[in-house]
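Quick notes on the structure that follows.
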Amino acid sequence: MTSSFSLEGYGSPRDPSSDQPDPKPDEIAIPGTTWKKVDYQNATDIAVALSGVDTVLSFIIVYTEGAETAQKNLIDASIKVGVKRFAPSEWSCGDVSSLSWYVGKQIIRDYLVEVNKMKKVLEYTLFQPGLMMEYYTWPYVWHKYIKPLQIPIEFSGRRAILVQDQSRQEITFTSVDDIVRIVTKALEYKGKWPLIGGISGNKPVSMTGLISLGEKIRGKPWTVDKLRLADVQAGVLNSTWIPMPNHNSVANMTQEEREAFGKVITKGMLLSFGTGAWKAADEWNRLVGGKYKSHKSFLEEIWAGKP
7 MTSSFSLEGY
17 GSPRDPSSDQ
27 PDPKPDEIAI
37 PGTTWKKVDY
47 QNATDIAVAL
57 SGVDTVLSFI
67 IVYTEGAETA
77 QKNLIDASIK
87 VGVKRFAPSE
97 WSCGDVSSLS
107 WYVGKQIIRD
117 YLVEVNKMKK
127 VLEYTLFQPG
137 LMMEYYTWPY
147 VWHKYIKPLQ
157 IPIEFSGRRA
167 ILVQDQSRQE
177 ITFTSVDDIV
187 RIVTKALEYK
197 GKWPLIGGIS
207 GNKPVSMTGL
217 ISLGEKIRGK
227 PWTVDKLRLA
237 DVQAGVLNST
247 WIPMPNHNSV
257 ANMTQEEREA
267 FGKVITKGML
277 LSFGTGAWKA
287 ADEWNRLVGG
297 KYKSHKSFLE
307 EIWAGKP
């Protein structure tokens with residue numbers, strides 16, 4: 007809510023099979039942070055917990071049951087007790103029109119516009135860093151707090167899925183530590199928060215450029231499946247593989263449900279790559295500056311010499 011802290015990685019990759027079960031939130035000790043358990047379906051309960059809080063950062067998983075109500079209640083409670091600044095659960099891209107599981111992000115954006123329609127009652131920013139570069143370490147867990155994802159450009163298997171004629175669209179990568187650094191500076195920033203809070207950790211790279219970098223780092227040519235746009239739009243994925251979701255939010259899904267969700271995610275990712283949705287703006291770069299971790303050096307550190 008108002009505590010700032012650094013998220014430090016483990017320093018070297020580790021296999022996820024050796025991971026311990028994820029700790030419960032109140033089992034994680036973060037200096038300067040106090041945990042409070044609240045009923046997110048009860049705005050009054052949230053308001054009591056937020057009394058005296060200056061800034062609220064939301065990390066609610068938007069596609070889980072009750073998430074939309076939870077965030078609206080969080081906003082209502084923030085306004086009720088006089089919270090000055092609010093950051094909704096964004097932490098990804100700006101254009102979510104191709105990402106069906108992110109529809110909740112747009113709903114909350116619209117809600118924030120609505121509550122501020124008559125007069126400004128809550129200052130807010132949409133932190134949008136593009137893709138977290140730590141996602142590209144799959145299946146190795148590089149960062150203590152981030153679980154890597156299997157996505158259509160996969161360094162581990164030296165393979166990728168692209169949509170024909172859209173491979174030159176660009177992606178922005180930002181490291182988790184850089185996101186934390188920028189958010190910490192945003193909490194200290196005395197000026198007005200920008201509505202769109204783009205964080206551009208690196209110069210945007212095209213998908214073909216990323217694959218070329220991957221081939222150089224991994225030392226072998228990649229297998230690239232190129233799909234027709236019309237097929238992808240229709241949900242027909244004629245690829246040799248489908249990335250599988252491994253986020254904590256799908257832990258209780260059956261294998262069949264995970265496979266179906268994997269197709270939904272892959273379709274959305276491919277379409278959003280094609281529209282340039284993951285090319286982040288740089289509002290926060292211009293406001294607070296700083297040096298950012300290079301995706302090239304990061305990927306070289308992770309993958310150089312790996313089998």
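Residue numbering for the sequence shown follows our numbering, starting at 7 and increasing by one per position. C-beta atoms are modelled at their ideal positions from N, C-alpha and C, and glycine is treated no differently.
Between residue 219 and residue 302 a beta carbon distance of about 6 Å is seen, short of the 8 Å cut, so the two are scored as contacting. According to the DSSP assignment, residue 166 belongs to no alpha helix (DSSP H) but to the beta strand (DSSP E) extending over 165-169. Between residue 284 and residue 203, the CB-CB gap reaches or exceeds 8 Å.
Residue range 229-233 is occupied by the beta strand (DSSP E) that includes residue 231. If you look at residue 214, you'll find it in the alpha helix (DSSP H) that goes 213-224. 251 is the residue among 169, 181, 251 whose C-alpha sits nearest the C-alpha of residue 267.
Membership of residue 110 in the alpha helix (DSSP H) is indicated by the continuous run 109-121. Within 10 angstroms of the beta-carbon of residue 98 lie 16 or more other beta-carbons, which makes it buried. Taking residue 225 as reference, the option from 262, 162, 246 with the minimal CA-CA separation is 162. Judged by DSSP in its simplified three-state form, residue 179 adopts strand.
Per DSSP, residue 202 is one residue of the beta strand (DSSP E) stretching across 202-204.
Assigned with DSSP and collapsed to three states, residue 262 falls in helix. Measuring C-alpha to C-alpha distances from residue 47 to each of 80, 69, 35, 310 identifies 80 as the nearest.
Under the three-pair Cβ rule at 8 Å, the segment 254-274 does not count as touching the segment 171-187.
Counting C-beta pairs closer than 8 Å gives three or more between the segment 85-97 and the segment 60-72, which meets the contact rule.
Using a 10 angstroms sphere on the CB of residue 272, the tally of other CB atoms reaches 16 or more, which defines it as buried. Residue burial annotation: residue 144 is buried, with at least 16 other C-beta atoms found within 10 angstroms of its C-beta. A distance below 6 Å between beta-carbons, with the five flanking residues on each side excluded, links residue 206 to the following residues of its chain, in chain order: 178, 286, 288, 291. With contacts defined as CB atoms closer than 8 Å, residue 83 and residue 49 qualify as a contacting pair.
With contact defined as three or more Cβ pairs closer than 8 Å, the segment 144-157 and the segment 107-119 are not in contact. Burial check for residue 313: the Cβ neighbour count within 10 Å stays below 16, so the residue is exposed. Counted as a single uninterrupted DSSP element, the stretch harbouring residue 59 is not any beta strand (DSSP E), since DSSP gives it neither H nor E. In the three-state DSSP reduction, residue 156 falls in the coil class, being neither helix nor strand.
Within the DSSP secondary-structure output, residue 63 pairs in a beta bridge with 93. DSSP places residue 77 in the uninterrupted alpha helix (DSSP H) bounded by 73-87. Burial state of residue 119 is exposed, judged by a 10 Å Cβ sphere holding fewer than 16 other Cβ atoms.
Distances from the alpha-carbon of residue 184 to those of 57, 138, 36 put 138 closest.
The Cβ neighbour count for residue 208, taken over all protein chains shown within 10 Å, is at least 16; the residue is labelled buried. The beta carbons of residue 217 and residue 238 sit no closer together than 8 Å. In the same chain as residue 248, and ignoring 5 residues on each side of it, the C-beta atoms closer than 8 Å to its own belong to 265, 268, 269, 272, in chain order. With a 10 Å radius around the Cβ and a threshold of 16 neighbouring Cβ atoms, residue 275 comes out buried.
By the criterion of a C-beta distance shorter than 7 Å, residue 121 is surrounded in its chain by 81, 85, 127, 128, once the five residues flanking it on both sides are discounted.
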